[in-house]
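Chemist: After the structure tokens below, expect a handful of questions from me.
There are 2 protein chains.
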Amino acid sequence: MPTSLSQQRVLQIANLEIRPGELQVLIDDRRAGLTVREFELFFMLAQRLDSVVQRPQIYTAIWGGEMQRRDRSVDVLVRKVRHKLEIVAPEWKYIHTHFGIGYRFSPERTS
Amino acid sequence: MPTSLSQQRVLQIANLEIRPGELQVLIDDRRAGLTVREFELFFMLAQRLDSVVQRPQIYTAIWGGEMQRRDRSVDVLVRKVRHKLEIVAPEWKYIHTHFGIGYRFSPERTS
DNA sequence: CTGTCTGGATAAGAACTGGTGAACGGCCGG
DNA sequence: CCGGCCGTTCACCAGTTCTTATCCAGACAG
């Protein structure tokens, strides 16, 4: 699966640089320090800029298979990614929650 | 493959001089004393300064073929290179670990 | 306003990854 | 033969990450 990521191009969005081949996210040239899972989530959402991705879709994209009811894996992962991004860029929000549906990636300045 | 190395230019980075044609690494004009394999690894990473190189890519570049799961060859080789470099330049770190991903070359003074 | 459902936050144990030292075997020169 | 060098593999361990459970705040329906 890192192989498939390697094929992808570098994404430049807002103050982000996302390098699939290195599994790295750079924010204003600083490394976010995401783990492999975390990167997969973030990159997956980033590719669908501005669109709401449903939870089960996210789950399948990252873990494969069907998401069980009450499985909180996606939520916890989102939480971790948000946290790491906030450390590097406190004044930005990247992942937005859509209640009862899923998440949407779009960089927004908060201040 | 020593042939391909011979074609390459000498790299000057930080306190390093890397001579592909001689398979030699000089640190402040002192020889690191790397073996052929060790040099290949170090040079390969050095050419990708500041970028994270995934383990399987490293493996393929040096041994060819696919890296098996749980193959520790890369790790052990990195360990040996680090050790030899540390003897010559204790106050420098050259190879950084990115957990779950691979390694990144960028010279940093530690002290 | 109240009850119910969804998602945020946190924590504990399991599972995994990488650092490290050493053993093993091949190769070569003496 | 013998000893040293080199590359590979193994085993142990520390540190990191993932999974799962729980508690709680916010959202929504009636």
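From first to last, the protein sequence lines are chains A and B. Following this note's numbering, the numbering of the first sequence begins with 1 at its first residue and continues without gaps. Following this note's numbering, the numbering of the second sequence begins with 1001 at its first residue and continues without gaps. C-beta: ideal position from N, C-alpha, C; glycine also.
(1) Would you kindly report the start and end of the unbroken beta strand (DSSP E) that includes A/Ser106?
(2) Is the Cβ-Cβ distance between B/Val1081 and B/Leu1034 less than 8 Å?
(3) Does any residue of chain A bring its CB to less than 8 Å from the CB of B/Gly1100?
(4) Which class does A/Glu91 belong to by DSSP, given the choice of helix, strand or coil?
(5) So that I know if they touch, is there some Cβ in chain B lying closer than 8 Å to that of A/Met1?
(6) When you compare the CB of B/Ser1106 with every CB in chain A, is at least one pair closer than 8 Å?
(7) Check whether the segment 1050-1057 of chain B and the segment 14-23 of chain A touch, using three or more Cβ-Cβ pairs below 8 Å as the test.
(8) Going by C-alpha distance, which of B/Gln1047, B/Asp1071, B/Gly1100 is nearest B/Leu1011?
(9) Could you check how far apart the C-beta atoms of B/Asp1050 and B/Arg1104 are, in whole angstroms? I think they sit under 8 Å.
(10) Between which two residues does the alpha helix (DSSP H) carrying A/Leu34 extend?
(11) Out of B/Ala1061, B/Glu1086, B/Lys1084, point me to the one whose CA is closest to B/Val1074's CA.
(12) Go through its chain and collect everything with a Cβ distance to B/Met1067's Cβ below 6 Å, but skip five positions before and after it.
(13) State yes or no: is the C-beta of A/Trp92 within less than 8 Å of the C-beta of A/Arg109?
(14) If you follow the beta strand (DSSP E) that A/Arg19 is in, where does it begin and where does it stop?
(15) Label A/Phe39 either buried or exposed according to how many other C-beta atoms from any shown protein chain fall within 10 Å of its C-beta, with 16 as the threshold for buried.
(16) Taking Cβ-Cβ distances shorter than 8 Å, what residues in chain A pair up with B/Val1078?
(17) For A/His83, which beta-bridge partners are listed by DSSP?
(18) Please identify, using Cβ separations under 7 Å, the residues of the segment 7-31 of chain A that lie next to chain B, in order along the chain.
Modeler: A quick look at the data gives this:
(1) Where A/Ser106 is concerned, the enclosing beta strand (DSSP E) starts and stops at 102-109.
(2) Contact flag set, yes.
(3) In terms of beta-carbon proximity, B/Gly1100 lines the interface with chain A, with at least one pair separated by less than 8 Å.
(4) A/Glu91 carries a coil assignment under DSSP once its states are collapsed to helix, strand and coil.
(5) Confidence at A/Met1 is low in this model, with a pLDDT of 45, below 50, so its placement is unreliable and the value that follows should be read with caution. No, no contact with chain B.
(6) With 8 Å as the cut-off, B/Ser1106 does not count as an interface residue toward chain A.
(7) Cβ pair count under 8 Å is three or more, so yes.
(8) The shortest Cα separation from B/Leu1011 among B/Gln1047, B/Asp1071, B/Gly1100 belongs to B/Gln1047.
(9) 7 Å between Cβ atoms; contact.
(10) Per DSSP, A/Leu34 lies in no alpha helix (DSSP H) segment and is marked neither H nor E.
(11) For the residues B/Ala1061, B/Glu1086, B/Lys1084, the minimum Cα distance to B/Val1074 belongs to B/Ala1061.
(12) Only Pro1056, Tyr1059 meet the Cβ criterion.
(13) A Cβ-Cβ contact shorter than 8 Å links A/Trp92 with A/Arg109.
(14) Run containing A/Arg19: 16-19, per the beta strand (DSSP E) assignment.
(15) Under this definition A/Phe39 is a buried residue.
(16) For B/Val1078, no chain A residue has a C-beta closer than 8 Å to its own C-beta; the minimum C-beta separation is roughly 17 Å.
(17) DSSP lists no partner for A/His83.
(18) Of all residues in the segment 7-31 of chain A, those with a C-beta nearer than 7 Å to a C-beta of chain B are Glu22, Leu23, Gln24, reading in chain order.
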